[in-house]
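Notes follow the structure.
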Amino acid sequence: MIAGRRPAGALWLVRLLVLMLVPVVSLLVSSAPAQAHPALVTSSPGAGYAVTSAPREIVLTFNEPVSLPDRPLTVRDADGVQQTLRVVLDADGATLRGVPAAKLAIGAYEVGYRVIGRDGDLIADTFTFGVATPVGAVSGGNGSSGGVGNPEQVQGLTTVLRGLLFVGLALALGGAYLAWRVDEATGGLPGARPLLRTGSLLALLGVIGLLAGLGSLPEILDRVAAPGVARLLTAEALLLCLAALAARRPCRGALAAAFLLCVVLLEALRAHPGEADGVAGAGLTVVHLLAGALWLGGLVHTLRLTAGWRTSKPRAVRVAVETYARNAFVLFLLVAVTGTISAVTLLPSLADWTGTTYGRTLLVKLALFALVLVVALLVRTRMRRVHRPVGLPAPHELAVPAATVPAHEPRQWSRPAGVEAALLAAVVLAAAAVTSVTPTRLVPVSSLLTAPIGPTLRVAERVRQVSVSIVASQGRLEVRADAPDDGEPLTIDLTGQVRLAGGVERGLDLTSCGESCWTGPVEWATGVNAVSLDVDAQRWEAGRVSIGVSWPAVPTTGLLARVQSAMGTRSAIDTVETVTSGFGIVLPSSSRRTGQEFLESQPWTEGGATDAVLLEEAGQRTLLFALPALGYHFAMRLDSQDRVMSERIVTPNHLLTRDYGYPPA
């Protein structure tokens, strides 16, 4: 045997394995875009778009008849509040309708659907749409529109108002809790009363301000009639009024505290963790808010007791401080643990923390919280130094001034404790800012696009591992990018320019219209306009892609039906197909099928094809159209008999290139 040469038997075995694997891999790859399960063909309102009037119904059309499990259709607003729907499945079994019980208010909505296909598989997904005023959504005509800013913009006034609400709850609940614990330790020694009424009124002021920010009185009343944030705020205002009334009499302090606890529960229902994880998220938020309120309010009440007892009852000060310190440690642990779990749930990766306004605001809150922890440790150290020589007195000794306890001793810890209280208030303000910022996955209505106006051209290309699609309409360009979904957050950066027909080059002024979505103004010239885009998808390979836009876009009617008729009558169609997703080796495959088999493999035969445009250049006829609900874009080259000679299909994850031949009958 010659050294380094593979044995003949082994070589034969390798060749056999390769021959066996090629058709298997080709089959797996080529079947990637096939519709083996029910798929959403169209939706009204359109996914990712804003409408200027509230829809009377949400309509979802699937490519095959479906059956419905429990809760087949849900609609939630940006606060996570589920809207009441009457769900109906049409007689054809493929159209699902949801009729809202009340008019949808202005804002963003997430539609979730769950259906069962004929094969018994459960299919579930979500999409977003918005209801906006005519100038309340991104039009793209001039790069901006009234009321449109950063999609994650922090509303300053909202932050202040929510801060008032949280501080009010803290003063009332935290003060009442610590007063109860100190009364137990001191035998009911008279001292400063908890700020139940003051805190309730302060929180009420914040809620009234938040309600006023929803619009005029008729608009607020209209929104209160339907489930949503207005109804929650109205309930909170009523509970705070009842708490303030109950707090007028000290004997009803427990009743006032019960009303305030209900407010905390309502706040948890509209918080981001509650929206993300339902009951579990709301439960975490209840514990987090309550522990934080008891911590801050308890510290403020301790400082008030210290101010009143400093000279007359210094021993009672010691009891109050020790009581607060024991409870503060447990409250700190609760705040830290629940806050960490909620944060990790909403922001699972480091990129979410540093790359979004929500994450950065949360980092500021955490930095302040860490500073509070340092100051709190300093306060506890001072307390141990002050109280080490003298044990805690018995309750009957508290009202007796002690010459052995210098009156200045409480000041040694009360000053840093005051700093701790101020920092805790800053943490509360940061928490209010966090609740005023929308997490990345919750898209505000101001970032949603209005639907294109007039004739529209939809074209897409694959650049390595990323699919890039554009929607060209009158005066506007819309760009979307799709990268592989590996479960990790991804930020795609995109810039570009356009070479208009005639040779004039211009940069594209693109603004964000959501996740991996950009829009900008373009005055298309008659002819072929070349759009060049530079795509940076971080860990996924991308680069520069050029897409031609033939303008004006002239819609064609009936051509796709003629193509379907021409292809369906063929007895044999030879197909050579290449599928690529940007990974590994591209394996072509060949097959022969009948016309009916061809049509059964095409998703557009089920309906949902939009914006069909016929381009006729250099003697070639190219039909362009898209299935927006699936993210599929087609470019078919047709012959004079409306038969498909070749086609390119760009999907969110693949590029399919097919050449067709028609053997003699």
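Just so you know, the sequence shown maps onto residues -1 to 663 in the working numbering.
Idealized CB from N, CA, C, for every residue including glycine.
In the DSSP assignment, the alpha helix (DSSP H) including residue i goes from what residue to what residue?
{"i": "D637", "result": "Note, D637: premise wrong, no alpha helix (DSSP H); not H, not E."}
{"i": "I206", "result": "194 to 210"}
{"i": "W516", "result": "Taken as a continuous stretch (DSSP letters only), W516 belongs to no alpha helix (DSSP H), being part of the beta strand (DSSP E) at 515 to 519."}
{"i": "Q81", "result": "It is not in any alpha helix (DSSP H) - Q81 carries neither H nor E in the DSSP assignment."}
{"i": "G173", "result": "173 to 184"}
{"i": "E595", "result": "593 to 598"}
{"i": "A564", "result": "557 to 566"}
For residue i, I'd like the list of residues in its chain whose CB is within less than 6 Å of its CB, leaving aside the five on either flank, ordered along the chain.
{"i": "V388", "result": "Confidence at V388 is low in this model, with a pLDDT of 45, below 50, so its placement is unreliable and no value can be given for it."}
{"i": "R504", "result": "V496"}
{"i": "G290", "result": "V333"}
{"i": "N651", "result": "S579"}
{"i": "A52", "result": "K101, L102, V129"}
{"i": "T93", "result": "T59"}
Looking at the structure shown, is residue i part of a helix, part of a strand, or coil, going by DSSP?
{"i": "E645", "result": "strand"}
{"i": "T40", "result": "strand"}
{"i": "H631", "result": "strand"}
{"i": "G128", "result": "strand"}
{"i": "Y658", "result": "strand"}
{"i": "P248", "result": "helix"}
{"i": "L375", "result": "helix"}
{"i": "L492", "result": "strand"}
{"i": "N651", "result": "coil"}
{"i": "A99", "result": "coil"}
{"i": "P70", "result": "coil"}
{"i": "A89", "result": "coil"}
{"i": "I339", "result": "helix"}
{"i": "G546", "result": "strand"}
{"i": "P63", "result": "coil"}
{"i": "A45", "result": "coil"}
Beta strand (DSSP E) containing residue i: first to last residue?
{"i": "A458", "result": "455 to 461"}
{"i": "S471", "result": "464 to 471"}
{"i": "A535", "result": "525 to 535"}
{"i": "L498", "result": "Neither: L498 is in no beta strand (DSSP E) and is coded neither H nor E."}
{"i": "T573", "result": "571 to 578"}
{"i": "V552", "result": "Neither: V552 is in no beta strand (DSSP E) and is coded neither H nor E."}
{"i": "A610", "result": "608 to 615"}
{"i": "G110", "result": "105 to 114"}
{"i": "R619", "result": "618 to 625"}
{"i": "R474", "result": "474 to 480"}
{"i": "L58", "result": "56 to 60"}
For residue i versus residue j, is the C-beta spacing smaller than 9 Å?
{"i": "R619", "j": "G593", "result": "no"}
{"i": "A540", "j": "Q463", "result": "yes"}
{"i": "S589", "j": "E575", "result": "yes"}
{"i": "P67", "j": "V113", "result": "yes"}
{"i": "T649", "j": "S465", "result": "yes"}
{"i": "R660", "j": "A570", "result": "Looking at the sequence itself, residue 660 is Tyr, so the reference to Arg does not match. The answer is yes: Cβ separation under 9 Å."}
{"i": "G525", "j": "S548", "result": "yes"}
{"i": "L288", "j": "V315", "result": "no"}
{"i": "L209", "j": "G166", "result": "no"}
{"i": "R474", "j": "S467", "result": "no"}
{"i": "V699", "j": "V469", "result": "Shown here, the chain extends from -1 to 663; a query on residue 699 therefore has no answer."}
{"i": "R246", "j": "R191", "result": "no"}
{"i": "D484", "j": "S514", "result": "no"}
{"i": "P36", "j": "V64", "result": "yes"}
{"i": "H286", "j": "G337", "result": "yes"}
Quick one, which of the options has its alpha-carbon nearest residue i's?
{"i": "D123", "options": "V109, A130, V129", "result": "V109"}
{"i": "I121", "options": "V129, Y111, G128, S471", "result": "Y111"}
{"i": "Y658", "options": "D480, P650, D640, N651", "result": "D640"}
{"i": "D300", "options": "L288, L263, A318", "result": "In the sequence under discussion, the amino acid at residue 300 is Thr, which differs from the Asp named in the question. Measuring from the Cα of T300, the nearest candidate turns out to be A318."}
{"i": "A174", "options": "F164, W522, A254", "result": "A254"}
{"i": "G566", "options": "T603, A551, A535", "result": "T603"}
{"i": "P487", "options": "W538, F330, L264", "result": "W538"}
{"i": "L360", "options": "A368, A341, L369", "result": "A341"}
{"i": "V129", "options": "A305, F367, Y47", "result": "Y47"}
{"i": "P450", "options": "L613, A551, D534, L366", "result": "A551"}
{"i": "E598", "options": "E62, L375, E320, Y322", "result": "E62"}
Sorted by chain position, which residues of the same chain lie with C-beta nearer than 7 Å to residue i's C-beta, five sequence neighbours on each side aside?
{"i": "G207", "result": "L159"}
{"i": "G141", "result": "Caution is warranted here: a pLDDT of 35 is assigned to G141, below 50, making its placement in the model unreliable, and no coordinate value can be reported."}
{"i": "A633", "result": "T620, L622, E645, R646"}
{"i": "F596", "result": "M565, I571"}
{"i": "A523", "result": "L498, A499, G500, W549"}
{"i": "R302", "result": "A190"}
Given residue i, which residues of its chain have a CB within under 8 Å of its CB, disregarding the five upstream and five downstream residues?
{"i": "L83", "result": "I56, L71, T72, V73, G96, V97, P98, A99"}
{"i": "D181", "result": "L187"}
{"i": "V20", "result": "Because V20 sits at a pLDDT of 43, beneath the cut-off of 50, its placement in the model cannot be relied upon, and the point is left open."}
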